[in-house]
Amino acid sequence: MKIRTPLAAASIFFLVTLVTPTEVLAVVQSLNSQTGQTQTFQNDSNLTISSLNNIHSLIWQGLLPISRGGTGNDAFTEGSIIFMGQNKFRQDNNHFFWDRINNRLGIGTSSPTATLDVSGNAKVSSLTTSSDATINTLTVGLGGGSVTTNATVGKNALLNNTTGARNTAVGYEALLLSNGFDNTAVGYQALGESITSTGSDENTAVGAFALGSNTTGRFNSALGGHALLFNETGDSNTAVGLSSLGGNTSGSSNIGIGLYALTANTTGSNNIAIGERAGLWSVGSADLTAPSSSIYIGYRTRGYDYNDNNSIVIGSEAEGAGSNKAVIGNTSVTDVYFGSSAGLASIHSKKLFLGSSSVPGCIIMGDSDGSGVSYITVNDGVLSLSTTTPTACQ
Numbered sequence: 142m143k144i145r146t147p148l149a150a151a152s153i154f155f156l157v158t159l160v161t162p163t164e165v166l167a168v169v170q171s172l173n174s175q176t177g178q179t180q181t182f183q184n185d186s187n188l189t190i191s192s193l194n195n196i197h198s199l200i201w202q203g204l205l206p207i208s209r210g211g212t213g214n215d216a217f218t219e220g221s222i223i224f225m226g227q228n229k230f231r232q233d234n235n236h237f238f239w240d241r242i243n244n245r246l247g248i249g250t251s252s253p254t255a256t257l258d259v260s261g262n263a264k265v266s267s268l269t270t271s272s273d274a275t276i277n278t279l280t281v282g283l284g285g286g287s288v289t290t291n292a293t294v295g296k297n298a299l300l301n302n303t304t305g306a307r308n309t310a311v312g313y314e315a316l317l318l319s320n321g322f323d324n325t326a327v328g329y330q331a332l333g334e335s336i337t338s339t340g341s342d343e344n345t346a347v348g349a350f351a352l353g354s355n356t357t358g359r360f361n362s363a364l365g366g367h368a369l370l371f372n373e374t375g376d377s378n379t380a381v382g383l384s385s386l387g388g389n390t391s392g393s394s395n396i397g398i399g400l401y402a403l404t405a406n407t408t409g410s411n412n413i414a415i416g417e418r419a420g421l422w423s424v425g426s427a428d429l430t431a432p433s434s435s436i437y438i439g440y441r442t443r444g445y446d447y448n449d450n451n452s453i454v455i456g457s458e459a460e461g462a463g464s465n466k467a468v469i470g471n472t473s474v475t476d477v478y479f480g481s482s483a484g485l486a487s488i489h490s491k492k493l494f495l496g497s498s499s500v501p502g503c504i505i506m507g508d509s510d511g512s513g514v515s516y517i518t519v520n521d522g523v524l525s526l527s528t529t530t531p532t533a534c535q
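Set out below in structure tokens:
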């Protein structure tokens, strides 16, 4: 502070006594009508020191209170954020700290690692962010492309999307590389483990890895871990159960319900399998990889060949007889009834149709003595019985 005083070439020093900081000490020859080496001035009134020609020094020792323009504190630490407290400025770096080098603010920490680092509980009302939020590594937001009709929950969910819209991705890397529309993926890497899903639209996948390799397949529904896992281009498939239709790659319009139902199928289409491992194997435990237009209903029902066509197999562990053939029951079945009260024809009369007007019918029956089979056919109302295979039975 520069002070001017009428005393030529004299330096004036004001000292604050630490005991009574409200008093100013002056070492002067004559000041303010007072004389002597030491003079006392009370700070409850203003002190004016002026000089026309000389520059003097004023030194204040001690803590200058806030009421006199000071801070009430003797020193502050690098990074301190000063606030008012108990009639003086205070600092609390452990709870309120500014890292000027990295431009970071710490609340509850003196070592912030982000632009705003809060250690402890925080309450935020009406929060608006311009990008996806990360909470304990969990990402919540719109995903790649920031398309407002998308919703994501999970690390890397819908990460590489650019223009796909109306998608919902919940789970780690769900819809990871998808750029499709109207998809719903719930589960670890559901609908998009590692293959770009451009053009993959209107699919629903619920379960870890469900529809995980889908590329351009559309209108598929997968419910269960690994359901439709390897599907790439197949459309309109429905898989319910762990690994149901899990091996399907390009087959379309299949329905698999049950654990491992139709899971070995790769290219077959228009099949229905209901039951645990239904349609998984053919006779002899070879994989049923390419059936078409076939139905397998029951626990571990099997086809006849890997590429069954129009085969129907019904019954627990029943085995198919080949393409264009229907099997009802397994080897333990002894009787087959048609109608709600078959065998009581006097009460409920039913009809059994074999063949048609253009396709001859045939009944094959085992002989009662177990020595062979007999064939029953009819022509123009005449019933024929033979032990050799007639044309109608071939």
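Under the numbering used here, read the sequence shown as residues 142 to 535, first letter to last.
C-beta: ideal position from N, C-alpha, C; glycine also.
_Spatial neighbours of F525 in its chain, beta-carbon cut-off 6 Å, leaving aside the 5 residues before and after_ = At residue 525 the sequence reads Ser, which differs from the Phe that was named. Answer for S525: T518, listed in chain order.
*Tell me which same chain residues have a C-beta within less than 6 Å of the C-beta of S394, skipping the five on either side of it?*
S377, S410 and N411
*Counting only the same chain and skipping the five closest in sequence on each side, list residues whose C-beta sits under 8 Å from that of V244.*
It is Asn, not Val, that sits at residue 244 in the sequence shown. Contacts found: T256.
*Determine the contact status of T304 and G286, defining contact as a CB-CB distance below 8 Å.*
The beta carbons of T304 and G286 sit closer together than 8 Å.
*Nearest CA to the CA of T532: which residue from S509, I505 and S512?*
I505
_Helix, strand or coil at S515 [DSSP, three-state]_ = S515 falls in the strand class under three-state DSSP.
*List the whole-angstrom C-beta distance separating S457 from G444, where the pair is believed to meet the contact cut-off of C-beta under 8 Å.*
So it is not a contact: roughly 15 Å between Cβ atoms.
_Cβ-based neighbour list, N448, same chain, cut-off 7 Å, excluding 5 preceding and 5 following_ = A431 and P432
_Rounded to whole angstroms, what is the Cα-Cα separation between K143 and F237?_
With a pLDDT of only 39 at K143, under 50, the local geometry of the prediction cannot be trusted, and the value read off the model is given with reservation. Each residue's Cα considered, the two are about 37 Å apart.
*Which one of G507, D476, D521 and V514 has the shortest CA to CA distance from S498?*
Selected option, being the one with the closest Cα: D521.
*How is A310 classed by DSSP in three states: helix, strand or coil?*
Residue state for A310 is assigned as strand, using DSSP reduced to three classes.
*Check A462 in the structure and name its three-state DSSP category.*
coil
*Can you give the beta carbon distance from N297 to L317, rounded, assuming they're within the 8 Å contact cut?*
6 Å
*Identify whether S457 lies in helix, strand or coil by the three-state DSSP scheme.*
Note: S457 maps to coil in three-state DSSP.
*With DSSP as the reference, please indicate the residues paired to V347 in a beta bridge.*
V327 and L364
*Distance, Cα to Cα, N302 vs S251?*
38 Å
_Separation of C503 from S512, as counted between CA atoms_ = 20 Å
*Please name the residue, chosen from N406, L364, L386 and G333, that lies closest to N89 on a Cα-to-Cα basis.*
As shown, the chain starts at 142 and ends at 535. That puts residue 89 outside it, with no answer to give.
*Beta-carbon contacts of V294 that lie in its chain and below 8 Å, excluding the five residues immediately before and after*: L279, T280, V281, A310, V311 and G312
*Using CA coordinates, which residue listed in Y437, S221 and T390 is at the minimum distance from A467?*
Answer by Cα proximity: Y437.
*Confirm, please, whether the CB-CB distance from Q330 to A306 is below 8 Å.*
no
_Rounded distance between the beta-carbons of L429 and N406, thought under 8 Å_ = 6 Å
_Please classify A402 as buried or exposed, where buried requires at least 16 other C-beta atoms within 10 Å of its C-beta._
buried
*What first and last residue would you give for the beta strand (DSSP E) that runs through A292?*
A292 to V294
*asked:* For L369, count the other beta carbons within 10 Å of its own beta carbon; 16 or more makes it buried, fewer makes it exposed. Which is it?
replied: buried
*Where are the alpha helix (DSSP H) runs, 4 residues long or more, that stay fully inside the stretch 232 to 262, in chain order?*
The alpha helix (DSSP H) runs lying completely inside the stretch 232 to 262 and spanning 4 residues or more number zero.
*Looking at the structure shown, is D476 part of a helix, part of a strand, or coil, going by DSSP?*
Residue state, collapsed to three classes: coil.
*Can you give the Cα-Cα distance for A349 and S385, rounded to whole angstroms?*
13 Å
*Going along the chain, which residues of its own chain have a beta-carbon closer than 6 Å to the beta-carbon of A326, five neighbours each way excluded?*
A310, A315, L316, L332 and A346
*Going by DSSP, what residues sit across from R443 in a beta bridge?*
E460
*Pairwise C-alpha distance: F230 and L166*: Confidence at L166 is low in this model, with a pLDDT of 47, below 50, so the placement of that residue should be treated as unreliable; the coordinate-derived value is given next. C-alpha separation (whole angstroms): 26 Å.
*Spatial distance of A459 from T475 (CA atoms)*: 13 Å
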